[in-house]
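Some notes on the structure that comes next.
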Amino acid sequence: AKAEESQIAPVLQMVNRVAEVVEQRYPDKAIETLAYQWTRKPPKTMRPRPNVIIRLCSIECCFAHPLATCDLPANQAFVEDLKGWAKIGNRLWVWDYVTDFRHYYLPFPNQRVRNDNIKLFVENNVTGIFEQDTYNTPNSELAALGGYMTAKFLWNPNYDEDLAMNEFLEGYYGAAAPLIRKYIDILHDRVEKENIHCSIWIPPTHPHLTDELLVEADQLWQSAEEVVKDDPTLLQRVKIGRMSVDYAILERARLAPDKEPLGSLAKKRFQPFVDMIPIAGVTRLSEWNPLNLDEYRTKLASALGIKP
Numbered sequence: 007a008k009a010e011e012s013q014i015a016p017v018l019q020m021v022n023r024v025a026e027v028v029e030q031r032y033p034d035k036a037i038e039t040l041a042y043q044w045t046r047k048p049p050k051t052m053r054p055r056p057n058v059i060i061r062l063c064s065i066e067c068c069f070a071h072p073l074a075t076c077d078l079p080a081n082q083a084f085v086e087d088l089k090g091w092a093k094i095g096n097r098l099w100v101w102d103y104v105t106d107f108r109h110y111y112l113p114f115p116n117q118r119v120r121n122d123n124i125k126l127f128v129e130n131n132v133t134g135i136f137e138q139d140t141y142n143t144p145n146s147e148l149a150a151l152g153g154y155m156t157a158k159f160l161w162n163p164n165y166d167e168d169l170a171m172n173e174f175l176e177g178y179y180g181a182a183a184p185l186i187r188k189y190i191d192i193l194h195d196r197v198e199k200e201n202i203h204c205s206i207w208i209p210p211t212h213p214h215l216t217d218e219l220l221v222e223a224d225q226l227w228q229s230a231e232e233v234v235k236d237d238p239t240l241l242q243r244v245k246i247g248r249m250s251v252d253y254a255i256l257e258r259a260r261l262a263p264d265k266e267p268l269g270s271l272a273k274k275r276f277q278p279f280v281d282m283i284p285i286a287g288v289t290r291l292s293e294w295n296p297l298n299l300d301e302y303r304t305k306l307a308s309a310l311g312i313k314p
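In the working numbering, the protein residues as written are 7 to 314.
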């Protein structure tokens, strides 16, 4: 590791030996290893064998801005490592992240970076991309939109970002699409203008959200519900989409239940949010712990000062 200036060296040495043996018996098979956290930096002189896949992981990065242009040192270091691996390996894959794993339902402004990041990977000889999203509960924060956008760009990295977003919103939310697009733009414009970085573990108190932004977001989603109120399918989709804003309002108000304007708004949105959880099939609010709905409801109501 010292000679190669990277902790990947002992790992790659072992993987190369395994790959050499595997190649003799299974010449059509490949061996994969992770370049992850402390093993992410490419080695100085060692090279992966032709049948070794290096999967580079972006777990430390900010996902509110494109990896290639973000000024966060973690992003700059990742891009440097990406370019380093691209020069020395013929099978480079990426493990990327597209959700907030600590708070699956928190508004997460990463829709605008998906296309840029996938283009960056392709430009650096990446031939396999795994976009890890919410995987153990359905209907997380704008999950349907995110899945559509990612699929479009994986299929065609040059697909127009605005076109992809608008065609999905119009097809999925109908007349509510312009209101939801306005909400998405407000959220993303803030992190761009204020240069707010977002990791995949940000809390409800993270500065990408403000009480004022959430009040405006709540109004937009309320208007979205009203314009599709006569279409049960569209209305349910809008209500599920609204859950992320409700979650942010409730979790911020939990910490300061008497602070306005969220204190009163949280009491108003508590029951609609709780009612939607089983309808949306939600089984977790974070990656790690299964949701006990009764316990969550009781503790949240108590924190907000809502009587049973």
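Ideal Cβ positions, reconstructed from N, Cα and C, are used throughout, including at glycine.
These numbers come from a predicted model, not from an experiment.
Separation of residue 25 and residue 17 (C-alpha to C-alpha, rounded to the nearest whole angstrom) is 12 Å.
Measuring C-alpha to C-alpha distances from residue 185 to each of 233, 132 and 213 identifies 233 as the nearest.
Here residue 134 carries a strand assignment [DSSP, helix/strand/coil].
Note that the C-beta distance between residue 241 and residue 255 is not below 7 Å. If you compare the alpha carbons of 305, 154 and 66 with that of residue 203, the shortest gap goes to 66.
The beta carbon of residue 271 is closer than 7 Å to those of 221, 224 and 255 in its chain, skipping five residues each way along the sequence.
In the structure shown, residue 213 falls within a coil segment according to DSSP collapsed to helix, strand and coil. Counting along the chain, residue 178 sits inside the alpha helix (DSSP H) bounded by residues 167 to 179. Taking the Cα positions, residue 249 is about 8 Å away from residue 147. Put simply, the backbone Cα of residue 27 is about 14 Å away from that of residue 38.
Comparing alpha carbon positions, the residue from 227, 40 and 243 closest to residue 275 is 227. Assignment of beta-bridge partners to residue 290 by DSSP yields 296. In the DSSP assignment, residue 63 forms a beta bridge with 101.
Going by DSSP, residue 37 is part of the beta strand (DSSP E) stretching over 37 to 41. In its chain, beyond the 5 residues on either side, 287 have a beta carbon closer than 6 Å to the beta carbon of residue 144. Note on geometry: alpha-carbon atoms of residue 207 and residue 106 lie some 5 Å from one another.
With contacts defined by Cβ atoms closer than 7 Å, residue 10 and residue 47 do not form a contacting pair. Counting of Cβ neighbours within 10 angstroms places residue 257 among the buried residues, the total reaching 16 or more. The beta-bridge partner set that DSSP reports for residue 58 consists of 37. Taking the Cα of residue 45 as reference, the smallest distance to any Cα among 99, 13 and 280 is reached at 13.
With contacts defined as CB atoms closer than 7 Å, residue 41 and residue 60 qualify as a contacting pair.
In this structure, residue 159 sits away from residue 190, with a CB-CB distance that is not shorter than 7 Å.
Contact annotation: residue 101 and residue 127 have beta-carbon atoms that are not nearer than 7 Å.
Note on the region 211 to 249: whole alpha helix (DSSP H) runs with a minimum of 4 residues are 217 to 233, in chain order. Pairing residue 283 with residue 306 gives a Cβ-Cβ distance that is not under 7 Å. When the five nearest sequence neighbours on each side are left out, the beta carbons in the same chain lying within less than 6 Å of the beta carbon of residue 121 are those of 159 and 167, in order along the chain. Here residue 90 has 47 and 48 as same chain residues with Cβ atoms under 8 Å from its own Cβ, once five neighbours each way along the sequence are excluded. Setting aside the 5 residues that flank it on each side, residue 309 is surrounded in the same chain by 260 and 263, each with a C-beta closer than 7 Å to its C-beta; the list follows chain order. With contacts defined as CB atoms closer than 7 Å, residue 174 and residue 193 fail to qualify as a contacting pair. Rounded to the nearest whole angstrom, the CA to CA distance from residue 216 to residue 312 is 23 Å.
Residue 23: member of the alpha helix (DSSP H) spanning 14 to 31, first to last residue. Distance from the Cα of residue 182 is smallest, within the candidate group 32, 165, 247 and 265, for 247.
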